[in-house]
Amino acid sequence: MRILGEEVHNRRWLGVGRSAVTDSRVAAADAVSAARTGPDPKLLIVFAAITHDTEAVLAGVAQAAPGVPVIGCTTHGEIGVGGPADGTVTVAALGGAGLEIVIHAAEHVSGRQAEAGYEVAACMREVTQPHRVLMLLTDGLVRDQESIVRGCYRALGAGTPLFGGAAADGWRMSRAYLFKDGRVLTDAVIGVAIASEAPIAVGVGHGWRTVGQPMIVTRAADGRVLTLDDRPALDVYLERLDAPPEAYTDPSEFTAFALPRPIGVQRRSGVEARNLSTEVDLESRTIGGGGAIDPGGLTWVMTGDEESILDSVDRVCRDTLGRLEGNEPIGMLTFSCAALRAVLGDDGIRRECDRLQRWAGTMPFAGFYTYGEIARNHGIDGFHNQTLAVLALS
Amino acid sequence: MPESAESLYIQQLVELLAVVSSSPDEATAVQNAVERSAQALEAEVAAAVIDGKVVASIGFPPGAVPHDEIVAMTLERRSILYVPGLGDCPVVTASWAGSHPGHLVLARWGAPFQVEEQNLVRGMARVLELTLTMLRTLVAEHAIRESLQERQRLLEHLSAIQRAISHREDLQHILDTITHGARDLVGDEIGLLWVLDEPDSGRARLAAAAGTRPVDPADRPVIDLTAASPAGEAMVTDGVAVRHGEELQSRMLRLLGPTTVHASMAAPVHDSGVLTGALVVASCDRDRRYTTADEQTLSAFAENVSLALTDANTLVRMRQAHHDPLTGLASRGLFLEQLSKQLAIADADGRSLAVLFLDLDRFKDINDSLGHAAGDELLTLTADRITAQLRAGDTASRFGGDEFAVMLSRVDGPTDAAAVARRIVHALAEPMRVSDHWLRVGVSVGVALRGTAGDEPAELVARADLAMYEAKHRGTGGYAIYREPSRATGRE
């Protein structure tokens, strides 16, 4: 049995490569070459800093691994073996036997998010291996990402776990990019059916806790919270947190203040964090950003610190690896929220990666800082803010 | 469950109503209700069945919806639904009446639905009934605007109740909000809420009133559960009772009405699924005639009142519950209360006092792999081993989940407290026999000693909690002592 176990393990591999070279084509080619650690590569997942020339990145990838399917996106920082990084091209390569990959993409997603999710989920129909996950990469600047995930769920039902992340643009909030084979896409969704003969596991979690009494969303529309407890949402939120005066009047001060202080939304199994820092409207005194909050919803101000966030890294990794049913993992994809960088700082994200490294041991891992994480094992929702989402393969 | 779980269910109904109310047509309303109910209960599958057919569903790929199995659930032939990829899932169903009756069906992987969740699903079915009736009757009368306004008003009143509950206002205020809400919703002068004295007493007492002659709170009117009054009829038949005409009004309504009452309507109210009272509206308008939509509105509102009462009673029960039913240890509330007393005593005579905060290592893994029953057994054994290490005057408490707290009412200093922590760590390190398995769980213990005079109980517990995390960080099965300003020092 032991021999069989080793044999199965050796059939697949995950490799990670990274280059900090500023020439985008060279960086991509170097990272791909380093990531390609086994035979029969099936998928390259490219995480490129927004500072890179995206077309040149794809040219470099194609040069280093012609004909291998490619997906990827721009980031707010790249995660990988060796720690977090800015300005790099970081690549995860996946290959070997007993593994199937099918990629679908949908474009012009804004205004038809659910439909686009439904479309890309069709990739799952083309795989046959028993263990499956639908991996999604979305454009992080498209609103209502929940609907994309809901569209996938409508198409696939309860039996397919979901995992993914929203492409970022280094906090510029102007344009994020997705990669599919030789093309650079915006306002798009990429769905990848990953099917394997061995278990694949998804996990997600956050390290935030609620503070004080709840507030009720008395008016909300179009992904924005207009009033909390019948008063302008922006003011109620800032008052609860005893915010400095500048946060009331200066949008960038508000964003800086709100990033590490998400709003919690009550769910049956706990409180979900929602980032409301990015779409502040000082005129109407409303807040909005990382995900829909419904009218009538019970919300809290949340806080967290490095300790609680790093604890959640442990929880998520333990849970995800535990779901592999005892099979030996070959690697992990690790998508962490861009907003966590504001809390953790540069030293903190290094320690976050150290934690990931501790769980990974000798196996490789890669990912990026996202504008939203996607992970679903149970229930019908799977879009998250302020979390770490992990995919483990065996 | 999170701290304000008691208001979660009514919040979810309000959210459902908000979503369904904004639906432009019936098909969208049903699909939205199905998806929102699944979301609220974190269920993987939800479906609406009308006229014996699944008209909307989520959780199965299109073309793979097990229509017959889902319909069988509504006929109560089965209570487990097989969901590919998940396995057998417990099911909850709720029916709605009205012009086009139907069923809401939900299936969720894992534990069966709780009574409160079953209530919530029933409330959701009523919301759907109300919405569908409004869409059909009022839209047919070209009164779409009116329909939307009606639903918006229902939403506002439910939000007010939800706010009262989530802000933990007192029960009387919540009941008054409900009664005023019912009256305003249907546009009548009078609103009454009757609550059964005891489940089998055959009598109900007036719990709240709006628009009536003054009622002495110390001497609330009582009615018998007979068809003599609309409230009694609603409770006896468990359905809506409507009375038009002055001569058909009950003696009680004649007594309570500010002037002559001409029309009244009552709907039953439930608490945790058991009939518990009736919500009544009444009008002094000679021409008042209740429409089907009015009946639906009161009925849906009463269903929400059921949830509010369940939640509010839960809150009361929680406050009254002094001991954890599983382990028999002090509840969190009782523990903090006793800690507060002991701190006052310690402040007075200057002696020291310590709090230990305990968190089991690997409990979740055991609970997940061996099941809740095994988890419960493990917690009980743990509680016994903890108490075995304590002296008279010390108090152990289960704080929830796998967290415990211990108060050492008299300690000579950190060394003394650390000795107890060490004893507990050793006691829990010994294997325990649970469900035919020998299990070894570790525990991480945080120790905090009373600092200066005036320490708050919650602060002291929070410090012990912090120290516990420190202990956990160092690896399983150890303790750490909280110290200002740099925290933990001792270790094992």
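Taken in order, these protein sequences are the chains called A and B. The numbering of the first sequence is the working numbering, which starts it at 1 and goes up by one. The numbering of the second sequence is the working numbering, which starts it at 1001 and goes up by one. Note that the Cβ used here is the ideal one computed from N, Cα and C, for glycine as well.
task: Find out if the Cβ-Cβ distance for the pair ARG1251 (chain B), ALA1228 (chain B) is shorter than 9 Å.
output: In the second sequence, the residue the question calls residue 1251 (chain B) occupies position 251. In the second sequence, the residue the question calls residue 1228 (chain B) occupies position 228. Cβ atoms of ARG1251 (chain B) and ALA1228 (chain B): closer than 9 Å.
task: State the DSSP-derived secondary structure class of THR1291 (chain B), mapped to helix, strand or coil.
output: For the purposes of this step, residue 1291 (chain B) is identified with residue 291 of the second sequence, where counting begins at 1. Looking at THR1291 (chain B) - three-state DSSP - the assignment turns out to be coil, as it is neither helix nor strand.
query: Out of curiosity, what's the CA-to-CA distance linking PRO161 (chain A) and LEU321 (chain A)?
result: Residue mapping note: residue 161 (chain A) aligns to position 161 of the first sequence, counting from 1. Residue mapping note: residue 321 (chain A) aligns to position 321 of the first sequence, counting from 1. Between PRO161 (chain A) and LEU321 (chain A), the C-alpha separation is close to 15 Å.
GLY345 (chain A) versus VAL271 (chain A) - alpha carbon distance: Indexing the first sequence from 1 puts residue 345 (chain A) at position 345. Indexing the first sequence from 1 puts residue 271 (chain A) at position 271. If I take the Cα positions, the gap works out to 24 Å.
- prompt: For a contact meaning CB atoms closer than 8 Å, what does THR160 (chain A) contact in chain B?
  reply: Within the first sequence, residue 160 (chain A) is the residue found at index 160, counting from 1. Residues of chain B passing the Cβ test: GLY1085.
message: Between VAL1121 (chain B) and chain A, is the shortest Cβ-Cβ distance under 9 Å, so that the two count as touching?
response: Working through the second sequence from its first residue, we reach residue 1121 (chain B) at position 121. Not closer than 9 Å to any Cβ of chain A, the Cβ of VAL1121 (chain B) fails to qualify, so no.
- request: Below 7 Å CB to CB, which residues in the same chain sit around VAL1186 (chain B) once its five sequence neighbours on both sides are set aside?
  value: Here residue 1186 (chain B) refers to the residue found at position 186 when the second sequence is read from its first residue. If we look at VAL1186 (chain B) and ignore the five residues flanking it on each side, its Cβ neighbours are VAL1281, ASP1294, THR1297, LEU1298.
message: Run through the DSSP bridge pairs and tell me what GLN266 (chain A) is partnered with.
response: Within the first sequence, numbered from 1, the residue matching residue 266 (chain A) stands at position 266. Paired residue(s): A:VAL271.
query: Just checking my contact of LEU1132 (chain B) with GLU1303 (chain B) at CB under 8 Å: how many whole Å lie between their CB atoms?
result: The residue labelled residue 1132 (chain B) in the question sits at position 132 within the second sequence. The residue labelled residue 1303 (chain B) in the question sits at position 303 within the second sequence. At roughly 15 Å, the Cβ-Cβ gap does not stay under 8 Å, so LEU1132 (chain B) and GLU1303 (chain B) are not in contact.
- prompt: By Cβ distance below 8 Å, which residues in the same chain neighbour VAL149 (chain A) in space, the five residues on each side in sequence not counted?
  reply: What you label residue 149 (chain A) is simply residue 149 of the first sequence in a count that begins at 1. For VAL149 (chain A), where only same-chain residues beyond five positions count, the Cβ hits under 8 Å are GLY117, LEU136, LEU162, ILE374, ARG376, ASP381, GLY382, PHE383.
task: Kindly indicate which three-state DSSP category GLU78 (chain A) falls into: helix, strand or coil?
output: Within the first sequence, residue 78 (chain A) is the residue found at index 78, counting from 1. Strand at GLU78 (chain A).
message: Can you pull out the residues from the segment 1335 to 1363 of chain B whose beta carbon lies closer than 8 Å to at least one beta carbon of chain A?
response: none
query: Just by C-beta distance, which residues in the segment 1026 to 1042 of chain B are closer than 8 Å to chain A?
result: GLU1035, ALA1038, GLN1039, ALA1040, LEU1041, GLU1042
message: Our contact map puts ALA1208 (chain B) next to LEU1225 (chain B) with C-beta atoms below 8 Å; I'd like the distance itself, whole angstroms only.
response: Here residue 1208 (chain B) refers to the residue found at position 208 when the second sequence is read from its first residue. Here residue 1225 (chain B) refers to the residue found at position 225 when the second sequence is read from its first residue. Their Cβ separation, rounded to whole angstroms, is 19 Å, which puts ALA1208 (chain B) and LEU1225 (chain B) out of contact at 8 Å.
field: Pick from A:PRO130, A:PRO251, A:ALA168, A:GLN266 that is closest to ALA339 (chain A), judged by C-alpha positions
entry: Numbered from its first residue, the first sequence carries residue 339 (chain A) at position 339. Closest by alpha carbon: A:ALA168.
message: Taking only three categories from DSSP, how would you classify MET363 (chain A)?
response: Here residue 363 (chain A) refers to the residue found at position 363 when the first sequence is read from its first residue. Note: MET363 (chain A) maps to coil in three-state DSSP.
query: Apart from the five residues on each side of it in sequence, which residues of its chain come closer than 8 Å, Cβ to Cβ, to ARG351 (chain A)?
result: In the first sequence, the residue the question calls residue 351 (chain A) occupies position 351. Answer for ARG351 (chain A): GLU306, LEU310, LEU344, listed in chain order.
query: What span of residues does the alpha helix (DSSP H) with GLY151 (chain A) cover, start to end?
result: In the first sequence, the residue the question calls residue 151 (chain A) occupies position 151. It spans 145 to 156 - the alpha helix (DSSP H) in which GLY151 (chain A) sits, taken as one unbroken run.
message: Against PRO1061 (chain B), what residues of chain A qualify as contacts under a CB-to-CB distance less than 7 Å, listed in chain order?
response: By 1-based counting over the second sequence, the position of residue 1061 (chain B) is 61. Near PRO1061 (chain B) (Cβ distances below 7 Å), the residues of chain A are ALA155, LEU156, GLY157.
task: Under 8 Å between beta-carbons, which chain B residues line up against ASP294 (chain A)? List them in chain order, please.
output: Taking the first sequence and counting its residues from 1, one reaches residue 294 (chain A) at position 294. By Cβ distance, chain B contributes GLU1015, ALA1018, VAL1019.
- prompt: Using a C-beta cutoff of 9 Å, does ARG190 (chain A) count as contacting chain B?
  reply: The count along the first sequence starts at 1 and reaches residue 190 (chain A) at position 190. The amino acid at residue 190 (chain A) is misidentified as Arg; the sequence shows Ile. Closer than 9 Å: no.
task: Confirm, please, whether the CB-CB distance from VAL16 (chain A) to THR74 (chain A) is below 9 Å.
output: Indexing the first sequence from 1 puts residue 74 (chain A) at position 74. Indexing the first sequence from 1 puts residue 16 (chain A) at position 16. Taking 9 Å as the Cβ cut-off, THR74 (chain A) and VAL16 (chain A) do not qualify as a contacting pair.
query: TYR1469 (chain B) touches chain A at which residues, Cβ-Cβ below 8 Å?
result: Here residue 1469 (chain B) corresponds to residue number 469 of the second sequence, with the count starting at 1. Those are GLU307, ASP311, listed as they occur along chain A.
task: Report yes or no: is there a C-beta of chain A within less than 9 Å of the C-beta of GLY1110 (chain B)?
output: On the second sequence, position 110 is the one that residue 1110 (chain B) refers to. Yes, GLY1110 (chain B) counts as interfacial toward chain A.
task: For the alpha helix (DSSP H) containing ILE1345 (chain B), list its first residue and its last residue.
output: Locating residue 1345 (chain B) in the second sequence gives position 345, counting from the first residue. Looking at the DSSP string, the run of the alpha helix (DSSP H) that includes ILE1345 (chain B) is 1332 to 1349.
message: Applying the 10 Å Cβ sphere with the 16-neighbour rule, what's the burial state of TRP1438 (chain B)?
response: Here residue 1438 (chain B) refers to the residue found at position 438 when the second sequence is read from its first residue. Result: exposed.
task: Determine the direct distance from the alpha carbon of GLU325 (chain A) to that of ALA1056 (chain B), and round the result to whole angstroms.
output: Position 56 of the second sequence, counting from 1, holds the residue named residue 1056 (chain B). Position 325 of the first sequence, counting from 1, holds the residue named residue 325 (chain A). Cα to Cα, ALA1056 (chain B) sits roughly 35 Å from GLU325 (chain A).
Distance between GLY1245 (chain B) and ASP1287 (chain B) (C-alpha atoms, nearest Å): Position 287 of the second sequence holds residue 1287 (chain B). Position 245 of the second sequence holds residue 1245 (chain B). ASP1287 (chain B) and GLY1245 (chain B): Cα-Cα distance of roughly 9 Å.
- prompt: Among B:LEU1041, B:LEU1175, B:GLY1110, which residue has its Cα nearest to the Cα of MET1124 (chain B)?
  reply: Residue mapping note: residue 1124 (chain B) aligns to position 124 of the second sequence, counting from 1. MET1124 (chain B) has its Cα closest to that of B:LEU1041, out of B:LEU1041, B:LEU1175, B:GLY1110.
query: With DSSP run on the structure shown, which of helix, strand or coil describes GLY1211 (chain B)?
result: Locating residue 1211 (chain B) in the second sequence gives position 211, counting from the first residue. Coil, per DSSP.
message: Restricting to Cα atoms, I'd like to know which of B:PHE1060, B:ARG1078, B:SER1095, B:VAL1121 is closest to GLY1085 (chain B).
response: Within the second sequence, the letter at position 85 stands for residue 1085 (chain B). Residue B:PHE1060 is the option with its Cα nearest to GLY1085 (chain B).
message: Need the endpoints of the beta strand (DSSP E) that ALA1107 (chain B) sits in, please.
response: Stepping through the second sequence from its first residue, residue 1107 (chain B) is reached at position 107. From DSSP, the beta strand (DSSP E) with ALA1107 (chain B) extends over 1102 to 1107.
- request: Using a threshold of 9 Å, state whether the C-beta atoms of GLN386 (chain A) and ALA233 (chain A) are closer than that.
  value: Residue mapping note: residue 386 (chain A) aligns to position 386 of the first sequence, counting from 1. Residue mapping note: residue 233 (chain A) aligns to position 233 of the first sequence, counting from 1. Not a contact, by the Cβ cut-off of 9 Å.
task: Quick one: give me the first and last residue of the beta strand (DSSP E) that ARG1243 (chain B) is part of.
output: For this step, residue 1243 (chain B) is matched to residue 243 along the second sequence. First-last of the beta strand (DSSP E) with ARG1243 (chain B): 1241 to 1244.
message: Can you list, in chain order, the residues of its chain with a C-beta nearer than 6 Å to that of THR51 (chain A)? Leave out the 5 residues immediately preceding and following it.
response: Here residue 51 (chain A) is taken as the residue at index 51 of the first sequence, counted from 1. So the qualifying residues of the chain are GLY87.
field: Extent of the continuous beta strand (DSSP E) to which SER277 (chain A) belongs
entry: Indexing the first sequence from 1 puts residue 277 (chain A) at position 277. Element bounds for SER277 (chain A): n/a, residue is neither H nor E.
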